[in-house]
Amino acid sequence: MIELRNVHKAFGQNEVLKGINLKVNKGEVAVILGPSGSGKTTLLRCINFLETADDGELIIGDSKVNFRNAARKEILAVRRRTAMVFQNYNLFNNMNALENVMEGLVTGRKFPIEKAREIASQALDKVGLKDKYNAYPLQLSGGQQQRVGIARAIALNPDVILFDEPTSALDPELVGEVLAVMQAVAKEGITMIVVTHEMSFAMDIAQHIIFMDGGNIVEEGTPKEIFTNPKENRTKQFLERILPRWNYTI
Amino acid sequence: MGSLFDIRLVFEYFPTIISRFHITLLIVVVAIGVGLLLGLFIALARMYKIPILNQLSIVYVSFIRGTPLIVQLFIIYYGFPLLLDEIGIDVTQWEKLYFVLIAYGLNNAAFMSEIIRSAISSVAVGQHEAAYSVGLSRWQTLRRIILPQAFLTAFPVFGTRVVTTFESTSLAFTLGILDMIGQAQAIGSRTYHELEGYVVLAIIFIAVSMILEKIFIYAEKRLILNRR
Amino acid sequence: MIFDFQYVVTSFTTAIHYIPATLALSLIPLFLGIIFGTMIAVCRRFRIKFVAPLADIAIPVMKGIPLVLYLFIMNFLIFKPFDMLAQYYAWADIIRYMDKLYIGIIAISIYAIVIISETMRSALMSVGKGQYEACYSVGLTRWQALWRVILPQSLPVAIPVLGNNLIGLIKGSSVVYLITVLDVMNGALTTAQINYRFLEAYIAAAFIYWGICLLTEWLFTVWENHTKKYQMRIDKHNLRKEVL
Ligand SMILES: Nc1ncnc2c1ncn2[C@@H]1O[C@H](COP(=O)(O)OP(=O)(O)O)[C@@H](O)[C@H]1O
Ligand SMILES: [Mg+2]
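These protein sequence lines are chains A, B and C, in that order. At position 106 of the first sequence (counting the first as 1) the number is 108 in our numbering, and the numbers step up by one without a gap. At position 51 of the second sequence (counting the first as 1) the number is 815 in our numbering, and the numbers step up by one without a gap. At position 34 of the third sequence (counting the first as 1) the number is 1421 in our numbering, and the numbers step up by one without a gap.
If you want it as structure tokens, here you go:
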């Protein structure tokens, strides 16, 4: 279980998160929707401490961290319970696929090399890259790179994996392979928080939809609640824009 | 002989030393001017692969880049008179400064040609093709499309080169030129208080190179703004 | 006096014996420059307290001082005190006649640290923010990220510039003849002191420096290609080439 309490974050005068309260249950797939600039990325980055929120609390499993006075050790501990899949993959350019996946295990968590290699190769097999262990990032297609990114995250066996628009940098024909991998990960019961504009993924895979706008969570609920019966006007407007034919298909 | 360092002497030497600044400036200006002209010539010879000139340029640039400036200074100083003597020009009356100017100019030309060449080759191939496709000639393409774009790429590197040239003038005194360093040395050998002179020099060199850098950064910003 | 190639050969054969001195005057500073220059650059990149703001001021200031001034100042600071002591103590006199090579090495090293710290700084900056974030996201600490990911990726960017830096040091080291250190330059001139064939001596020196620099350039190209094997599409223009 992961919980955020009253999370605030501002960049200078620009208040980006205005008191976020959010609870995602263990094994749940939560999708965050919202217009560009609504603070989705910032929220994920705060959970991973790539940004330090100005105020609020983060609870992951049995550990609780206050953003105001998080010690370096606590930050590292939270990071080791979370993993992130980046929009532009951010694979380590100086390492091949296998080394990319092993790095967090070996250097971060001090796993023995052999053990790490075993876990890493299983993760790569899972994302369908059995034959790409030795490929360097620049030798891989975008879709393959992102699958390595996902393997890198699942190998860490984190309490939650954060996905920030994992398919939006991909050519359209490569989106499918990544979504398929994400679906497989979801089936394994790993907690996921996903920012995406792929509505099919949100409708079919997620159990929990969160709609953000202007730094607030405007509305949340099950896909059915949000997609068929949104309560808030802003949600309706957003869905109408992003699913222009949605009204007709249902 | 007394103490090693006397701060009052720094102030005392300062006007005497900076009074030779114009020599330094002259070397920089000539070096950059000659360097730009000759450098452009070398760059074009290499880009358009003009026979003989191309090969000569390659060797020339490699030699200048691969040997110390001091060595070049002295080779010009001792070698140029011999060379000119062959064609009947007597240079025994020439001032040493002329040789220094020639040496710095020739030295800079090699570096400038490299800057120009890499800037021109950094302009995308598509730009050439686009220009040819609308019917511009090779020269028109160069002048209207390529050089203006290359200029922007080259500008910051050019700025670095000017600063480097300024710092390299610190070697002109080895030929006996009475520039700022020559002056400081002269004071030093007269009074045995060399350190104060060096401190004055350090201050001047730091100040001028920082000012030059600021000017070029400012100019670069303006250039980019004007582009929009 | 007519130019005589024979004297170039004479000078050349004398001067090559001093190649080790010239190499010591450039390779030791390169080594120290890489160690301390990288440390300074890393401190600036990570904004380490006190060190980073200090370096922000000191490095640009020190960059403005020409090498020959470092040499004169170090020569003065190291040498003059002994010179004065020698008036009173006989042992100090020994220092006066000692090889001044070490003064050259110290002066050039200071210069090299300044220059190379700037090289390493731009090399570090060529590694994008995303790489740091990816490191943190898999639970690496700052130093682990630096050691495992950032430095290995900076190296291929730094190598060609370091090659240029080294060539600059090799050429720049020739100024030590001004404080009577026997390097290639001074070695070539020893013959000219006797036969007054200065032009030939300088040409001999030029050939040796040229050879060393070409060799250096080639070695660094090989090294660069070796480290770059995984970055086939690295952008060559993302670092301003400091042409020395
Ligand atoms: N590092 C930053 N510095 C300043 N402003 C930022 C930074 N990151 C994001 N912002 C601002 O925060 C707001 C929300 O950004 P973001 O979280 O990326 O939104 P989203 O991912 O929903 O599009 C935007 O207005 C953006 O300009
Ligand atoms: Mg975003």
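Heads up, the beta-carbon is just placed ideally off N, CA and C, and yes, glycines get one too. Just so we're clear, the structure is a prediction, and the values are computed from it rather than from any experiment.
task: Starting from the C-beta of residue 844 (chain B), find all residues in its chain whose C-beta is less than 8 Å away, skip the five residues before and the five after it, and write them out in chain order.
output: Excluding sequence neighbours, residue 844 (chain B) sits near 855, 863 and 866.
- prompt: Just to confirm, does residue 42 (chain A) get its C-beta within under 6 Å of one of the non-hydrogen atoms of ligand 1?
  reply: yes
message: Three Cβ pairs or more, each shorter than 8 Å: is that satisfied between the region 179 to 187 of chain A and the region 195 to 209 of chain A?
response: These segments touch.
field: Span separating the alpha-carbon of residue 16 (chain A) from that of residue 68 (chain A)
entry: 22 Å
message: For the region 830 to 855 of chain B, list every residue whose C-beta sits within 8 Å of some C-beta in chain C, in sequence order.
response: 830, 831, 832, 833, 834, 835, 836, 838, 839, 842, 843 and 846
task: Give a yes or no on contact between the region 1405 to 1418 of chain C and the region 1495 to 1514 of chain C, applying the rule of three or more CB pairs nearer than 8 Å.
output: yes
- request: Would you grab the beta carbon distance between residue 1548 (chain C) and residue 1506 (chain C) for me? Rounded to a whole angstrom, and I think it's under 8 Å.
  value: 5 Å
C-alpha gap between residue 28 (chain A) and residue 62 (chain A), whole angstroms: 10 Å
- prompt: What residues of chain C sit near residue 969 (chain B), judged by a beta carbon separation below 9 Å?
  reply: 1451, 1452, 1453 and 1456
- request: At 7 Å on the CB atoms, spell out the chain A contacts of residue 1539 (chain C), in chain order.
  value: Neighbours of residue 1539 (chain C) in chain A, taken as residues at a C-beta separation under 7 Å, are given in chain order as 96.
query: Near residue 1486 (chain C), which residues of its chain fall below 8 Å by C-beta distance, leaving aside the five closest residues on each side in sequence?
result: 1568 and 1569
query: On the three-state DSSP scale, how would you describe residue 892 (chain B)?
result: Residue 892 (chain B) falls in the helix class under three-state DSSP.
query: Which full runs of the alpha helix (DSSP H) of 4+ residues lie inside the region 1562 to 1605 of chain C, going along the chain?
result: Within the region 1562 to 1605 of chain C, the runs of alpha helix (DSSP H) at least 4 residues long that lie entirely inside it are, in chain order, 1571 to 1582.
message: Within 8 Å, do at least three Cβ pairs link the region 910 to 921 of chain B to the region 879 to 895 of chain B?
response: Yes, the region 879 to 895 of chain B touches the region 910 to 921 of chain B.
- request: With DSSP as the reference, label residue 784 (chain B) as helix, strand or coil.
  value: coil
query: Near residue 986 (chain B), what residues of its chain come up, given a Cβ to Cβ distance below 6 Å and the 5 sequence neighbours on each side ignored?
result: none
query: Can you name the residues of chain B whose CB is closer than 8 Å to the CB of residue 1461 (chain C)?
result: Here the premise fails: no neighbours, minimum Cβ distance about 10 Å.
message: Among the candidates A:6, A:185 and A:57, whose CA atom is the shortest distance from the CA of residue 207 (chain A)?
response: A:185
query: Exposed or buried, which one is residue 1530 (chain C) when buried takes at least 16 other CB atoms within 10 Å?
result: exposed
task: Examine ligand 4 and report whether any of its heavy atoms sits within less than 6 Å of the Cβ of residue 39 (chain A).
output: Absent from the structure shown: ligand 4. Ligands present: ligand 1 and ligand 2.
field: Residues of its chain near residue 132 (chain A), where Cβ-Cβ distance is below 7 Å and the 5 sequence neighbours each way are ignored
entry: 126
query: Excluding sequence positions up to five away, which residues of its chain have a Cβ less than 6 Å from the Cβ of residue 1627 (chain C)?
result: Residue placement at residue 1627 (chain C) cannot be trusted, given a pLDDT of 37 that sits under 50; the coordinates are not used to answer.
field: Close beta carbons around residue 833 (chain B), own chain, < 7 Å, minus the five adjacent residues each side
entry: 871, 932 and 935
- request: Compare the beta carbon distance of residue 18 (chain A) and residue 41 (chain A) with 7 Å and say whether it is the shorter of the two.
  value: yes
field: Per-residue contacts from residue 966 (chain B) into chain C (C-beta, under 7 Å)
entry: 1452 and 1456
- prompt: DSSP state of residue 42 (chain A), grouped into three classes?
  reply: helix
query: Are residue 166 (chain A) and residue 46 (chain A) touching if we call contact CB-CB under 7 Å?
result: yes
task: Could you run through the region 946 to 965 of chain B and flag, in chain order, every residue whose CB is less than 7 Å away from some CB of chain C?
output: 958, 959, 962 and 965
- prompt: In whole angstroms, what is the alpha-carbon distance linking residue 241 (chain A) and residue 210 (chain A)?
  reply: 16 Å
- prompt: Any heavy atom of ligand 1 closer than 6 Å to the Cβ of residue 844 (chain B)?
  reply: no
- prompt: Secondary structure at residue 217 (chain A), three-state DSSP: helix, strand or coil?
  reply: Residue 217 (chain A) falls in the coil class under three-state DSSP.
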